[in-house]
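Enquirer: Right, I'll just put the structure down here and ask away after.
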Amino acid sequence: MTPEARRPALGLTPELRAAIRRIAQTDQLLVAMDFDGTMAPIVGRAGDARPLPRAAAAFAGLAVLPRTTTALISGRALASLRAVASPPVDSLLIGSHGAEAWMGPGSAALALDADQEARLAAVRSTLAEIVAEAPGTLLEDKPAGVVLHTRLADDDVAEDAVAAARSLLQDRKGVYLKEGKRVLETSVVNASKGEAVTFLRQASGATAVFFAGDDTTDEDALARLEPGDVGVKVGPDFTCAEFRVEAPEHVSELLEALLQERSLAVAEEDPQAASG
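So for the sequence shown, the numbering used here puts the first residue at 71; every next one is plus one.
Below is the structure:
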(Lines of atoms letter the chains of each structure in order from A; the text may use other names.)
(Lines give C-alpha, C1' and ligand atoms only; values in the text may rest on other atoms or scores of the structure.)
Protein backbone atom coordinates (compact mmCIF):
# COMPACT_ATOMS: atom_id res chain seq x y z
CA MET A 71 0.00 0.00 0.00
CA THR A 72 1.39 3.40 -0.96
CA PRO A 73 1.80 6.25 1.57
CA GLU A 74 -0.86 8.11 -0.39
CA ALA A 75 -3.35 5.27 0.13
CA ARG A 76 -2.51 4.82 3.83
CA ARG A 77 -3.03 8.45 4.79
CA PRO A 78 -6.63 9.61 5.34
CA ALA A 79 -7.68 12.26 2.84
CA LEU A 80 -8.25 15.72 4.17
CA GLY A 81 -11.87 16.52 3.45
CA LEU A 82 -12.23 19.63 1.34
CA THR A 83 -14.05 22.41 3.13
CA PRO A 84 -17.56 23.26 1.95
CA GLU A 85 -16.25 26.65 0.84
CA LEU A 86 -13.52 25.10 -1.31
CA ARG A 87 -15.95 22.58 -2.81
CA ALA A 88 -18.28 25.43 -3.70
CA ALA A 89 -15.43 27.33 -5.33
CA ILE A 90 -14.51 24.23 -7.36
CA ARG A 91 -18.10 23.84 -8.55
CA ARG A 92 -18.23 27.50 -9.51
CA ILE A 93 -14.97 27.64 -11.44
CA ALA A 94 -15.81 24.38 -13.23
CA GLN A 95 -18.64 26.22 -14.96
CA THR A 96 -16.40 28.82 -16.61
CA ASP A 97 -16.19 28.95 -20.39
CA GLN A 98 -12.42 28.45 -20.76
CA LEU A 99 -10.65 26.96 -17.72
CA LEU A 100 -6.92 27.06 -17.07
CA VAL A 101 -5.70 24.54 -14.46
CA ALA A 102 -2.15 25.57 -13.56
CA MET A 103 -0.22 23.57 -10.98
CA ASP A 104 3.10 23.83 -9.22
CA PHE A 105 4.82 20.43 -9.15
CA ASP A 106 7.23 19.85 -6.23
CA GLY A 107 5.42 20.02 -2.91
CA THR A 108 2.07 20.21 -4.69
CA MET A 109 1.53 17.29 -7.07
CA ALA A 110 4.62 15.52 -5.76
CA PRO A 111 5.98 15.24 -2.20
CA ILE A 112 9.23 17.06 -1.47
CA VAL A 113 12.20 14.67 -1.60
CA GLY A 114 15.87 14.99 -0.71
CA ARG A 115 17.08 14.62 -4.29
CA ALA A 116 15.26 16.48 -7.04
CA GLY A 117 15.56 13.65 -9.54
CA ASP A 118 13.64 11.28 -7.26
CA ALA A 119 10.41 13.32 -7.29
CA ARG A 120 7.32 11.79 -8.89
CA PRO A 121 3.68 12.92 -8.96
CA LEU A 122 1.27 11.11 -6.68
CA PRO A 123 -0.68 8.63 -8.85
CA ARG A 124 -4.16 9.97 -8.11
CA ALA A 125 -3.08 13.56 -8.67
CA ALA A 126 -1.39 12.65 -11.97
CA ALA A 127 -4.45 10.71 -13.16
CA ALA A 128 -6.86 13.54 -12.36
CA PHE A 129 -4.58 16.11 -14.01
CA ALA A 130 -4.38 13.92 -17.13
CA GLY A 131 -8.17 13.64 -17.12
CA LEU A 132 -8.53 17.41 -17.03
CA ALA A 133 -6.03 17.78 -19.89
CA VAL A 134 -8.33 16.03 -22.38
CA LEU A 135 -11.54 17.84 -21.48
CA PRO A 136 -13.01 20.39 -23.90
CA ARG A 137 -12.39 24.08 -23.17
CA THR A 138 -9.84 23.12 -20.52
CA THR A 139 -6.10 23.88 -20.57
CA THR A 140 -3.67 22.31 -18.14
CA ALA A 141 -0.23 23.66 -17.31
CA LEU A 142 2.65 23.00 -14.92
CA ILE A 143 4.47 26.06 -13.56
CA SER A 144 7.71 25.04 -11.90
CA GLY A 145 11.03 26.34 -10.73
CA ARG A 146 12.59 23.31 -12.39
CA ALA A 147 14.23 23.54 -15.77
CA LEU A 148 11.92 22.23 -18.48
CA ALA A 149 14.03 19.13 -19.09
CA SER A 150 13.94 18.23 -15.39
CA LEU A 151 10.19 18.92 -15.19
CA ARG A 152 9.45 16.62 -18.13
CA ALA A 153 11.65 13.88 -16.69
CA VAL A 154 9.99 13.73 -13.28
CA ALA A 155 6.43 14.86 -14.01
CA SER A 156 5.72 12.95 -17.23
CA PRO A 157 3.08 15.57 -18.07
CA PRO A 158 0.13 14.95 -20.40
CA VAL A 159 1.12 15.52 -24.01
CA ASP A 160 -1.10 18.60 -24.42
CA SER A 161 -0.20 20.29 -21.14
CA LEU A 162 1.67 23.57 -21.32
CA LEU A 163 4.93 23.79 -19.38
CA ILE A 164 6.61 26.73 -17.67
CA GLY A 165 10.07 26.09 -16.23
CA SER A 166 12.75 28.04 -14.38
CA HIS A 167 10.13 30.19 -12.64
CA GLY A 168 8.90 31.52 -15.96
CA ALA A 169 12.18 31.91 -17.83
CA GLU A 170 11.39 28.84 -19.98
CA ALA A 171 8.10 28.08 -21.71
CA TRP A 172 6.81 25.20 -23.82
CA MET A 173 3.58 26.12 -25.58
CA GLY A 174 3.53 23.21 -28.00
CA PRO A 175 5.58 21.91 -30.94
CA GLY A 176 7.82 24.59 -32.38
CA SER A 177 8.30 26.46 -29.10
CA ALA A 178 11.63 28.25 -29.09
CA ALA A 179 14.20 27.25 -26.48
CA LEU A 180 15.58 29.84 -24.09
CA ALA A 181 18.65 31.59 -25.49
CA LEU A 182 20.98 33.80 -23.43
CA ASP A 183 23.01 36.63 -24.87
CA ALA A 184 26.77 36.92 -24.32
CA ASP A 185 26.44 39.16 -21.26
CA GLN A 186 23.97 36.80 -19.63
CA GLU A 187 26.22 33.81 -20.35
CA ALA A 188 29.15 35.63 -18.69
CA ARG A 189 27.06 36.56 -15.64
CA LEU A 190 25.80 32.98 -15.32
CA ALA A 191 29.36 31.60 -15.37
CA ALA A 192 30.42 34.08 -12.69
CA VAL A 193 27.44 33.19 -10.49
CA ARG A 194 28.20 29.50 -10.79
CA SER A 195 31.83 30.07 -9.82
CA THR A 196 30.78 32.03 -6.73
CA LEU A 197 28.28 29.36 -5.63
CA ALA A 198 30.75 26.55 -6.29
CA GLU A 199 33.18 28.12 -3.83
CA ILE A 200 30.43 28.24 -1.18
CA VAL A 201 29.39 24.62 -1.77
CA ALA A 202 33.01 23.49 -1.43
CA GLU A 203 32.96 24.82 2.16
CA ALA A 204 29.40 23.74 3.09
CA PRO A 205 28.91 19.97 3.53
CA GLY A 206 25.54 18.70 2.32
CA THR A 207 24.93 21.56 -0.09
CA LEU A 208 24.95 21.10 -3.85
CA LEU A 209 24.35 22.98 -7.07
CA GLU A 210 21.82 22.42 -9.83
CA ASP A 211 22.40 24.01 -13.21
CA LYS A 212 19.50 25.48 -15.19
CA PRO A 213 19.46 27.15 -18.60
CA ALA A 214 19.24 30.62 -17.04
CA GLY A 215 20.56 30.09 -13.54
CA VAL A 216 22.08 27.98 -10.80
CA VAL A 217 20.30 26.66 -7.72
CA LEU A 218 21.92 26.27 -4.32
CA HIS A 219 20.29 23.26 -2.62
CA THR A 220 20.62 22.94 1.17
CA ARG A 221 18.06 20.23 1.99
CA LEU A 222 20.74 17.66 2.83
CA ALA A 223 22.84 20.05 4.94
CA ASP A 224 22.62 20.69 8.67
CA ASP A 225 20.46 23.71 9.50
CA ASP A 226 23.32 25.94 10.57
CA VAL A 227 25.37 25.01 7.50
CA ALA A 228 22.37 25.70 5.25
CA GLU A 229 21.72 29.10 6.83
CA ASP A 230 25.36 30.13 6.52
CA ALA A 231 25.58 29.01 2.90
CA VAL A 232 22.46 30.93 1.87
CA ALA A 233 23.59 34.01 3.79
CA ALA A 234 26.99 33.91 2.09
CA ALA A 235 25.42 33.51 -1.34
CA ARG A 236 23.04 36.40 -0.73
CA SER A 237 25.79 38.72 0.48
CA LEU A 238 27.89 38.02 -2.60
CA LEU A 239 25.16 38.04 -5.25
CA GLN A 240 22.27 40.24 -4.16
CA ASP A 241 23.80 43.45 -5.47
CA ARG A 242 25.14 42.07 -8.75
CA LYS A 243 23.58 43.74 -11.74
CA GLY A 244 21.49 41.37 -13.85
CA VAL A 245 21.41 38.60 -11.22
CA TYR A 246 18.06 37.76 -9.61
CA LEU A 247 17.56 35.76 -6.42
CA LYS A 248 14.56 33.79 -5.17
CA GLU A 249 14.55 31.89 -1.89
CA GLY A 250 12.37 28.80 -1.52
CA LYS A 251 12.23 25.81 0.79
CA ARG A 252 15.88 24.91 1.41
CA VAL A 253 16.92 26.38 -1.95
CA LEU A 254 18.29 29.66 -3.19
CA GLU A 255 17.52 30.23 -6.86
CA THR A 256 19.76 32.46 -8.94
CA SER A 257 18.92 33.54 -12.47
CA VAL A 258 20.20 35.92 -15.11
CA VAL A 259 16.66 36.24 -16.50
CA ASN A 260 14.11 38.21 -14.50
CA ALA A 261 10.95 36.08 -14.44
CA SER A 262 8.34 34.94 -11.95
CA LYS A 263 5.49 32.47 -11.62
CA GLY A 264 3.16 35.45 -11.40
CA GLU A 265 4.19 36.59 -14.86
CA ALA A 266 3.78 32.98 -16.02
CA VAL A 267 0.16 32.86 -14.81
CA THR A 268 -0.64 36.10 -16.62
CA PHE A 269 1.04 34.83 -19.80
CA LEU A 270 -0.81 31.50 -19.69
CA ARG A 271 -4.14 33.21 -19.03
CA GLN A 272 -3.69 35.31 -22.16
CA ALA A 273 -2.30 32.49 -24.31
CA SER A 274 -5.10 30.05 -23.41
CA GLY A 275 -7.92 32.59 -23.48
CA ALA A 276 -8.88 31.48 -19.97
CA THR A 277 -11.97 33.01 -18.42
CA ALA A 278 -10.90 31.64 -15.02
CA VAL A 279 -7.71 30.19 -13.54
CA PHE A 280 -7.23 27.49 -10.92
CA PHE A 281 -3.75 27.50 -9.36
CA ALA A 282 -2.23 25.50 -6.50
CA GLY A 283 1.26 25.74 -5.05
CA ASP A 284 3.21 25.27 -1.84
CA ASP A 285 6.36 27.39 -1.92
CA THR A 286 7.13 31.05 -1.33
CA THR A 287 7.74 31.48 -5.06
CA ASP A 288 4.16 30.35 -5.70
CA GLU A 289 2.90 33.41 -3.86
CA ASP A 290 3.81 35.43 -6.96
CA ALA A 291 1.32 33.34 -8.93
CA LEU A 292 -1.35 33.39 -6.23
CA ALA A 293 -1.08 37.17 -6.03
CA ARG A 294 -1.79 37.47 -9.78
CA LEU A 295 -5.13 35.66 -9.56
CA GLU A 296 -8.21 37.71 -10.36
CA PRO A 297 -11.80 37.75 -9.08
CA GLY A 298 -13.41 34.48 -10.16
CA ASP A 299 -10.14 32.54 -10.03
CA VAL A 300 -9.35 29.95 -7.35
CA GLY A 301 -6.01 29.82 -5.55
CA VAL A 302 -5.01 27.03 -3.16
CA LYS A 303 -2.02 26.97 -0.81
CA VAL A 304 -0.55 23.55 -0.05
CA GLY A 305 0.88 23.46 3.48
CA PRO A 306 0.88 25.64 6.59
CA ASP A 307 3.05 28.58 5.49
CA PHE A 308 1.84 32.15 5.08
CA THR A 309 -0.22 32.74 1.95
CA CYS A 310 -2.41 35.21 0.13
CA ALA A 311 -4.51 32.30 -1.21
CA GLU A 312 -8.15 32.12 -0.22
CA PHE A 313 -8.03 28.35 0.29
CA ARG A 314 -5.61 25.82 1.76
CA VAL A 315 -5.03 22.07 1.88
CA GLU A 316 -2.56 20.35 4.17
CA ALA A 317 -0.19 18.37 1.93
CA PRO A 318 0.41 16.96 -1.57
CA GLU A 319 -1.61 13.86 -0.65
CA HIS A 320 -4.68 16.08 -0.40
CA VAL A 321 -4.09 17.67 -3.80
CA SER A 322 -5.27 14.35 -5.25
CA GLU A 323 -8.71 14.83 -3.72
CA LEU A 324 -8.74 18.43 -4.88
CA LEU A 325 -7.94 17.57 -8.51
CA GLU A 326 -10.38 14.66 -8.52
CA ALA A 327 -13.15 16.97 -7.34
CA LEU A 328 -12.26 19.52 -10.04
CA LEU A 329 -12.18 16.79 -12.70
CA GLN A 330 -15.61 15.53 -11.64
CA GLU A 331 -17.19 18.99 -11.64
CA ARG A 332 -15.55 20.08 -14.90
CA SER A 333 -16.56 16.83 -16.61
CA LEU A 334 -20.17 17.42 -15.59
CA ALA A 335 -20.03 21.02 -16.75
CA VAL A 336 -18.74 20.27 -20.25
CA ALA A 337 -21.00 17.21 -20.57
CA GLU A 338 -24.07 19.40 -20.16
CA GLU A 339 -23.10 21.27 -23.33
CA ASP A 340 -21.45 18.51 -25.35
CA PRO A 341 -21.98 14.95 -24.00
CA GLN A 342 -20.00 13.30 -26.79
CA ALA A 343 -16.97 15.55 -26.32
CA ALA A 344 -16.95 15.07 -22.55
CA SER A 345 -17.18 11.29 -22.81
CA GLY A 346 -14.36 11.22 -25.37
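From the three backbone atoms N, C-alpha and C, an ideal C-beta is built for every residue, glycine too. Nothing here was measured: the structure is a model prediction, and the numbers come from that model.
Within 10 angstroms of the Cβ of P205, are there 16 or more other Cβ atoms? Answer buried if so, exposed if not.
Expert: Per the 10 Å Cβ criterion, exposed.
Enquirer: What's the C-alpha gap between L218 and E338?
Expert: Roughly 49 Å separates the two Cα atoms.
Enquirer: Fully enclosed by the stretch 146-216, which alpha helix (DSSP H) runs are 4 residues long or longer?
Expert: You should have 148-155 and 184-202.
Enquirer: Give a yes or no on contact between the stretch 240-260 and the stretch 89-101, applying the rule of three or more CB pairs nearer than 8 Å.
Expert: These segments do not touch.
Enquirer: Within the chosen definition, does the stretch 142-159 reach the stretch 114-126 through at least 3 CB pairs nearer than 8 Å?
Expert: At 8 Å Cβ cutoff, the stretches touch.
Enquirer: Measuring CA to CA, which of D288, S274, K243 and L325 is closest to G165?
Expert: Here the closest residue by C-alpha is D288.
Enquirer: For the putative contact between D225 and G264, defined by C-beta atoms under 8 Å, what is the C-beta separation to the nearest angstrom?
Expert: Incorrect: roughly 30 Å between the Cβ atoms, too far for contact.
Enquirer: Per DSSP, what kind of secondary structure is A335 in: helix, strand or coil?
Expert: Looking at A335 - three-state DSSP - the assignment turns out to be helix.
Enquirer: By a C-beta neighbour count over all protein chains shown, 10 Å radius and 16 as the cutoff for buried, is L190 buried or exposed?
Expert: It counts as buried.
Enquirer: Between the C-alpha atoms of D284 and Q272, what's the straight-line distance to the nearest angstrom?
Expert: C-alpha separation (whole angstroms): 24 Å.
Enquirer: The beta strand (DSSP E) that contains L56, what's its start and end?
Expert: Any question about residue 56 goes unanswered here, given that the chain covers just 71 to 346.
Enquirer: Roughly how many angstroms lie between the CA atoms of G346 and R87, to the nearest whole one?
Expert: Reliability fails at G346, whose pLDDT of 47 lies under 50, so the model's placement of it is uncertain and no value is given.
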